[in-house]
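Chemist:
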Amino acid sequence: LQFTAALAQRLTAEGAELWLDTTARRLLGGPAGVEGVETSRGIIDADAVVVAAGSYSPALTRRFGLRLPIEPVKGYSVSIPLHGIEGAPGMSIIDDARKVVVTRLGEQLRIAGKAEITGFDLRLDERRWRAVREQGLSRFPRLAEQLADAPSQPWAGLRPMTCDGPPILGPTPISGLHLATGVGHLGWTFAAGSARLVADQLEERTCDLDPAPYSLQRYG
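If you use full-length UniProt numbering, the sequence shown closes out at 220, no skipped numbers anywhere.
Set out below in structure tokens:
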């Protein structure tokens with residue numbers, strides 16, 4: 001949260017305008033390419049548009065005949081208040097055997113995991129999120145005992161997974177349309193590097209990283 005707030009402050013200082021709580025409804029343009037975006041707050045005219053809409057990216061690009069090989073994969077997280085309880089891990093821990101991540105966020109513990117292919121269904125399956133909670137706490141028996149009666153706040157989200165794994169970053173055959181999507185469960189991990197790679201290509205600068213493995217062209 002601190003990083004995001006600092007980034008927003010830097011962007012506005014550089015002249016960027018942030019439209020928060022705004023829905024991108026559709027891309028605008030015609031045969032010449034993408035020329036803007038229709039949003040819930042109005043129309044934005046643009047020389048270039050970067051679609052970074054996660055699992056919903058294919059819905060935006062489909063109007064221009066661009067079909068992205070991205071599938072939404074549902075994952076769960078459970079947040080548990082600590083209320084001063086000691087013994088919670090001080091850093092993120094990945095349990096590779098159980099495929100769960102345990103992270104302390106201030107005075108709460110967050111456990112995330114699971115992968116379901118259920119389309120865009122975000123309903124919370126209690127059996128699933130309770131399994132995530134149990135698996136995450138199983139490595140910390142004393143902590144699990146202390147949190148046995150603690151309330152849980154479950155959540156579900158969609159990971160935009162490409163058919164081959166790597167994200168899709170950079171230009172498309174449609175003039176003015178660029179992509180930063182398909183990062184799967186590594187959205188935060190890839191965020192800064194993805195932004196740099198897309199920006200370098202958009203501005204026609206030399207890329208520090210070979211963009212070919214992340215190009216849409218790899219699908220033929």
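Glycine included, every Cβ here is placed at the ideal spot set by N, Cα and C.
Do you know how far the Cα of I85 is from the Cα of residue 222?
Modeler: Past the boundaries of the shown model lies residue 222; the chain is included only from 1 to 220, so the question cannot be answered.
Chemist: Near R128, what residues of its chain come up, given a Cβ to Cβ distance below 8 Å and the 5 sequence neighbours on each side ignored?
Modeler: Y76, K114, E116
Chemist: Evaluate contact between the region 92-111 and the region 46-54, counting only Cβ atoms and requiring at least three cross-stretch pairs below 8 Å.
Modeler: Verdict: no, contact absent.
Chemist: With R159 as the anchor, note down where its beta strand (DSSP E) starts and where it stops.
Modeler: 153-162
Chemist: If distances are taken between C-alpha atoms only, which option among L202, L186, P58, L169 comes closest to Y214?
Modeler: L169
Chemist: Is it buried or exposed, L209, if we count other Cβ atoms within 10 angstroms and call 16 or more buried?
Modeler: exposed
Chemist: Excluding five sequence neighbours on each side, which residues of the same chain lie with their C-beta closer than 6 Å to the C-beta of residue 229?
Modeler: Nothing can be reported for residue 229, as the shown portion of the chain is limited to 1 through 220.
Chemist: Quick check on the DSSP output: what are the complete beta strand (DSSP E) runs of length 3 or more inside the region 101-148, in order along the chain?
Modeler: 108-116
Chemist: Quick check on DSSP: helix, strand or coil for A5?
Modeler: helix
Chemist: Where in the region 29-90 do unbroken runs of the beta strand (DSSP E), each at least 3 residues long, occur, reported from the N-terminal end onward?
Modeler: 33-39, 42-45, 49-51, 70-81
Chemist: Applying the 10 Å Cβ sphere with the 16-neighbour rule, what's the burial state of A16?
Modeler: exposed
Chemist: Considering only their Cβ atoms, is the gap separating G176 from G65 smaller than 9 Å?
Modeler: Not in contact: G65 and G176 (Cβ atoms no closer than 9 Å).
Chemist: Which class does L186 belong to by DSSP, given the choice of helix, strand or coil?
Modeler: coil
Chemist: Using the C-alpha atoms, what's the distance from D125 back to I174?
Modeler: 39 Å
Chemist: Under three-state DSSP, which class holds P171?
Modeler: It is a strand residue.
Chemist: Quick one: using the 10 Å Cβ neighbour count with 16 as the cut-off for buried, is I43 buried or exposed?
Modeler: exposed
Chemist: For the putative contact between R139 and D96, defined by C-beta atoms under 8 Å, what is the C-beta separation to the nearest angstrom?
Modeler: That pair is no contact at about 12 Å.
Chemist: Assign D95 to one of three DSSP states: helix, strand, or coil.
Modeler: strand
Chemist: Could you check how far apart the C-beta atoms of T39 and T22 are, in whole angstroms? I think they sit under 8 Å.
Modeler: 5 Å
Chemist: If you reduce the DSSP assignment to three classes, tell me which class T12 lands in.
Modeler: helix
Chemist: Please confirm whether S194 and P167 have their CB atoms less than 9 Å apart.
Modeler: yes
Chemist: Based on Cα-Cα distance, which residue from G30, Y219, S79, I70 lies nearest to Y56?
Modeler: I70
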